[in-house]
Structure formats: structure tokens, C-alpha cells
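A short worksheet on the structure shown next.
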Amino acid sequence: MPLYPYRCRRCQAVTELLWSGFQPPDHVPCEACESEETYRVIGVNAYHRSDAQKTARLDPKYDKLVNATAKSADAASERHLLRRMKPFE
Ligand SMILES: [Zn+2]
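Sequential numbering from 2 applies to the sequence shown in the numbering used here.
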């Protein structure tokens, strides 16, 4: 079952969600402060192109996030795809 990490915008805590369904939710309540202002961190194991595109629109820190999390060669090539898909370039 894939594990989806979410980061809290308020306290930066990471809440992990085990999700077996087709499409994980966009937000989960933060475990630390119960804020609903969380966003899904795109990990190598939980990667969907359409979701990543959504995140790119919502989160201006997306590039930094990707740079921090994309460490494998696979993720690096996916980053190229994302760059081409980014809506505001
Ligand atoms: Zn929080």
C-alpha cells in the first residue's frame, strides 16, 4: 500500500497517509496542529503526473520541494517532464 506524505503549511510537520485507493485526497488534517492546510509531497513512490501538475499550480515552492525530494534518476527525468508542463513559463 503506498504511503503518501503531506506537509503542513502552518507548522511544516509531515503527516503520512496510507492510501490504497486510486486517488489520494489533496489534503489530510495535520497530525501536529490539526490544520487542514496541508499539501501532498510528491515522492518517488507516490508519483502521478496530473497530481504533480496540480501541486505546481498551488505551491510556489514546488521547485524547491522537488529538488529536495527527487534524488533518484527516475525522479530527475520526471522533473524534466514537469518543467515542460508547467503552466506559467
Ligand atoms: Zn501543522
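Where is the CB? At the ideal position from N, CA and C, for every residue including glycine.
- prompt: Under the criterion of a Cβ to heavy atom distance below 8 Å, does glutamate 17 qualify as lining ligand 1?
  reply: Taking the first residue of the sequence shown as position 1, residue 17 is located at position 16. False, no ligand heavy atom lies under 8 Å from that Cβ.
task: Under 7 Å Cβ to Cβ from threonine 19, same chain only, skipping five residues before and after it: list those, please.
output: For this step, residue 19 is matched to residue 18 along the sequence shown. Checking the sequence shown, residue 19 turns out to be leucine, not threonine. Here the set comprises Met2 and Leu4.
- request: With a threshold of 8 Å, establish whether the CB of serine 21 neighbours any heavy atom of ligand 3.
  value: Ligand 3 is not among the ligands present in this structure, which contains only ligand 1.
- request: With a threshold of 8 Å, establish whether the CB of glutamine 13 neighbours any heavy atom of ligand 1.
  value: Working through the sequence shown from its first residue, we reach residue 13 at position 12. It does: the Cβ of glutamine 13 is within 8 Å (strictly closer) of some heavy atom of ligand 1.
query: Helix, strand or coil: which one does DSSP assign to arginine 41?
result: As a working mapping, residue 41 is identified with position 40 in the sequence shown. Here arginine 41 sits in strand by DSSP.
task: Less than 8 Å between the CB atoms is what I'm expecting for arginine 11 and valine 42, so what's the real figure, rounded?
output: On the sequence shown, residue 11 is found 10 positions in, with the first residue counted as 1. On the sequence shown, residue 42 is found 41 positions in, with the first residue counted as 1. At roughly 15 Å, the Cβ-Cβ gap does not stay under 8 Å, so arginine 11 and valine 42 are not in contact.
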